[in-house]
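Numbering (full-length UniProt numbering), first residue to last: 1 to 403.
Glycine included, every Cβ here is placed at the ideal spot set by N, Cα and C.
Computed from a predicted structure; not experimentally measured.
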Amino acid sequence: MYLIAFLGGLLTVLSPCILPVVPFLFAGANRTRSSILLTLGGMALTFALISSIAVVSSEWVIQASNTGRHVALVVMALFALSLISARVGDWLTRPFVALGNRLDQDTRKRAGPMGSIMLGVATGLLWAPCAGPILGVILTGAMLQGANAQTSLLLLAYGAGSALSLGTLIFAGRGLVNRLKPSIPFSGWLRHGAGVAVLATVAVISTGADKTLLAGTSSEGIASVEKNVLENVPKVVDYFVSKVRADSMMDEAKGAMPSLSGAVQWLNSPELSPESLRGKVVLVDFWTYDCINCQNTLPYVKEWARKYEKDGLVVIGVHTPEYGYERIINNVKDQVKKLGITYPVAIDNNYVIWRNFNNQYWPAHYLIDAKGQVRYSHFGEGRYEAQEQMIQQLLKEAKAPEA
């Protein structure tokens with residue numbers, strides 16, 4: 001499984017979710033080889049640490065993780081200013097100037113390796129990779145088993161794979177720049193341009209605009225590659241493989257609808273149960289608000305809820321957090337309102353409903369017929385036409401007279 005986690009990390013370079021942190025890493029591409037390696041190592045270690053402690057439900061841990069992201073944005077902004085202009089840095093208050101200078105390549109001799117590590121730590125705090133099949137399996141194990149050495153090592157292997165793929169690109173780009181330097185004296189422009197790119201990225205992330213920009217992208221292709229990795233690596237356990245297949249058989253019942261009890265709170269509805277939903281066709285959508293894959297499927301889910309409500313379809317969103325800040329209930333409430341979600345949403349912070357369904361992936365769709373039997377499941381993005389056809393089929397069955 002460690003090999004699979006490492007391969008999953010390598011593949012993140014193909015995912016659009018890596019784009020927000022690329023400017024931070026490439027802005028330091030003209031540093032020494034050891035400095036770049038320290039930055040990448042800091043990113044991998046911080047990602048593993050934050051992802052591991054995110055499974056702890058203590059409120060202070062969640063708030064600390066959320067605060068860490070804000071601190072990281074400040075650090076990155078100072079890093080950008082130190083790249084753009086030394087005068088701007090001098091204008092800042094003295095403590096912040098000192099912090100910015102520690103990140104400035106011209107003063108790295110005074111800062112030692114700490115500036116590079118700090119840059120990596122800040123990047124790790126801001127990096128939230130797409131939860132494809134491989135990362136989904138790792139995070140699910142961490143959430144269900146709690147923080148332990150095995151899950152932390154799996155997350156570290158995933159982060160190391162990502163660091164290796166990004167490092168390869170950084171060193172390749174640095175080699176190209178070094179070849180151009182003798183003929184084109186544009187090092188200063190590159191430095192200023194990198195600072196502007198980093199500052200712009202900080203603004204995009206801090207305002208949440210990165211989610212809007214990434215909403216038009218799709219991870220369906222890379223998710224398919226990850227599924228193939230899971231299916232073809234010999235040491236993969238069959239249990240994990242079965243959880244990341246795209247679809248279940250449409251015409252076979254998969255057992256009674258699991259319990260919906262265990263949510264810490266319900267939004268837009270009182271608590272629902274399989275018994276209260278009998279006679280309705282139900283779509284259960286496991287999602288989390290900061291998951292790009294979930295954001296890409298959400299317009300379809302909202303449209304199905306609107307289009308088929310009068311025909312007897314009930315859509316239930318089960319919000320199961322992937323990262324610590326997604327456990328903050330007020331954050332979920334704000335996002336539900338912002339995203340225009342009007343159907344019932346169960347806040348599944350303790351993974352109770354997730355375990356009831358034996359789920360392993362974001363997003364995951366389960367269709368239940370009017371008799372309360374699970375008839376269809378789909379994991380990840382795509383196959384929207386097939387899902388809608390199944391909704392129509394189950395609604396038609398529900399209206400058919402009993403034989």
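In angstroms, rounded to a whole number, what distance separates the CA positions of residue i and residue j?
i, j, result
"residue 484", "Phe47", "Limits of the chain in this structure are 1 at one end and 403 at the other, which puts residue 484 out of reach."
"Leu339", "Arg306", "14 Å"
"Thr342", "Ala256", "26 Å"
"Val315", "Asp334", "19 Å"
"Leu394", "Pro299", "21 Å"
"Gly8", "Pro401", "49 Å"
"Leu40", "Leu283", "41 Å"
"Gln392", "Gly317", "19 Å"
"Leu119", "Ala203", "17 Å"
"Tyr289", "Val332", "7 Å"
"Pro274", "Gln389", "23 Å"
"Gln373", "Pro258", "9 Å"
"Tyr361", "Trp127", "19 Å"
"Leu155", "Trp354", "21 Å"
"Ser377", "Gln387", "9 Å"
"Ala200", "Leu3", "36 Å"
"Leu49", "Leu313", "41 Å"
"Ser165", "Glu303", "38 Å"
Between the options, which lies nearest to residue i when the distance is taken from Cα to Cα?
i, options, result
"Trp266", "Ile347, Leu283 and Trp287", "Ile347"
"Tyr323", "Tyr351, Asp285 and Gly120", "Tyr351"
"Val264", "Ser34, His319 and Cys294", "His319"
"Leu153", "Leu164, Val336 and Leu45", "Leu45"
"Pro363", "Val301, Phe171, Trp127 and Lys399", "Val301"
"Phe379", "Tyr366, Gln373, Lys371 and Gln389", "Tyr366"
"Arg33", "Ala160, Gly167 and Val21", "Gly167"
"Ala321", "Pro23, Ser51, Lys399 and Val202", "For the record, residue 321 in the displayed sequence is Pro; it is not Ala. If we check each option's Cα against that of Pro321, Ser51 comes out closest."
"Val336", "Cys294, Ala370 and Lys371", "Cys294"
"Leu73", "Val196, Ser206, Asp369 and Ile292", "Ser206"
"Ala122", "Val22, Met43 and Cys291", "Met43"
"Ala5", "Ser162, Ser35 and Trp354", "Ser162"
"Lys399", "Ser259, Val281 and Leu38", "Val281"
"Glu397", "Gln387, Leu38 and Asp369", "Asp369"
"Val196", "Arg355, Val345, Leu155 and Ala77", "Ala77"
"Ile117", "Ser377, Ser35, Leu164 and Leu155", "Ser35"
"Val345", "Trp304, Glu303 and Leu272", "Leu272"
"Asn349", "Gln387, Phe286, Lys371 and Ala200", "Phe286"
"Leu169", "Trp304, Leu37 and Thr201", "Leu37"
"Pro20", "Leu164, Lys371 and Ile292", "Ile292"
May I ask which residues mark the beginning and end of the alpha helix (DSSP H) holding residue i?
i, result
"Leu395", "Tyr384 to Lys399"
"Val352", "Val352 to Asn356"
"Val332", "Ile329 to Lys338"
"Tyr300", "Ile292 to Tyr308"
Classify residue i: buried if its beta carbon has 16 or more other beta carbons within 10 angstroms, exposed otherwise.
i, result
"Ser276", "exposed"
"Asn296", "buried"
"Asn359", "buried"
"Phe357", "buried"
"Ser261", "exposed"
"Ile329", "exposed"
"Ser171", "Here the sequence assigns Phe to residue 171, which means Ser is not the residue at that position. Per the 10 Å Cβ criterion, exposed."
"Arg375", "buried"
"Gly279", "exposed"
"Asn268", "exposed"
"Glu326", "buried"
"Pro23", "buried"
"Pro270", "exposed"
"Ala160", "buried"
"Ala157", "buried"
"Leu11", "buried"
Along the chain, where does the beta strand (DSSP E) containing residue i start, and where does it finish?
i, result
"Ala346", "Val345 to Ile347"
"Trp287", "Val281 to Trp287"
"Arg375", "Val374 to Phe379"
"Tyr366", "Ala364 to Ile368"
"Trp266", "Gln265 to Leu267"
"Gly317", "Leu313 to His319"
Mind checking whether the beta-carbon of residue i lies closer than 7 Å to any heavy atom of the ligand FMN?
i, result
"Leu169", "Ligands are entirely absent from the displayed structure, and the ligand FMN is therefore not among its contents."
**Asked** At a cut of 8 Å, does the region 375 to 387 reach the region 308 to 320 through at least three beta carbon pairs?
**Response** no
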